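Following our numbering, the numbering of the sequence shown begins with 53 at its first residue and continues without gaps. The beta-carbon is built from N, C-alpha and C at its ideal position, and this holds for glycine as well. Predicted model only: the values in this text are computed from it and were never measured.
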Amino acid sequence: MRSGWPRNHGYTALARVINVFGEARPHCAYLFNNKGGDRIKVLVHDSLGIWLCAQRPNKGKYHWVEAWRDDHQVLTAEQPTALVQGFSW
53 MRSGWPRNHG YTALARVINV FGEARPHCAY LFNNKGGDRI KVLVHDSLGI
103 WLCAQRPNKG KYHWVEAWRD DHQVLTAEQP TALVQGFSW
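Rendered as structure tokens:
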């Protein structure tokens, strides 16, 4: 997982995943947030193709663990649900 990158940097979400992980693995999801923490993008690779989803909270922002900034982590099945629902870590 990475925090936001400049739009003019030239990377798409898929290109960023490939750059960081070497490939987009089937049945894996990759989460990205912007620097403001008020938007999340999820890139999911099912065996048929790539899905890109975006979400903004109605109010407030997403609670990211500061240690995760500029790093990638493996999440448990419950952690993305907690993140999207706005629970703090």
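Item: Close-in-space but distant-in-sequence residues of the same chain around Asp70 (CB under 7 Å, 5 per side omitted); Value: One detail in the question is off: residue 70 reads as Ile in this sequence, not Asp. Same-chain partners within the cutoff: Ala76.
Item: Proximal residues to Val94 (C-beta, below 6 Å), its chain only, five neighbours per side dropped; Value: Ala81, Leu83 and Cys105
Item: Residues of its chain near His79, where Cβ-Cβ distance is below 8 Å and the 5 sequence neighbours each way are ignored; Value: His97, Asp98 and Ser99
Item: Which listed residue (Thr128, Lys113 and Ile102) has its alpha carbon closest to that of Thr163; Value: Any property of residue 163 remains undetermined from this structure, which presents the chain solely from 53 to 141.
Item: Where Asn85 falls, given that 16 or more other Cβ within 10 Å makes a residue buried; Value: buried
Item: Proximity winner among Leu127, Gly74 and Ile92, relative to Asn110 (alpha-carbon distances); Value: Ile92
Item: Val126 versus Gly112: straight-line alpha-carbon distance, rounded; Value: 25 Å
Item: Neighbourhood of Arg108 by C-beta distance below 7 Å, restricted to the same chain and skipping five residues each side; Value: Asp90 and Arg91
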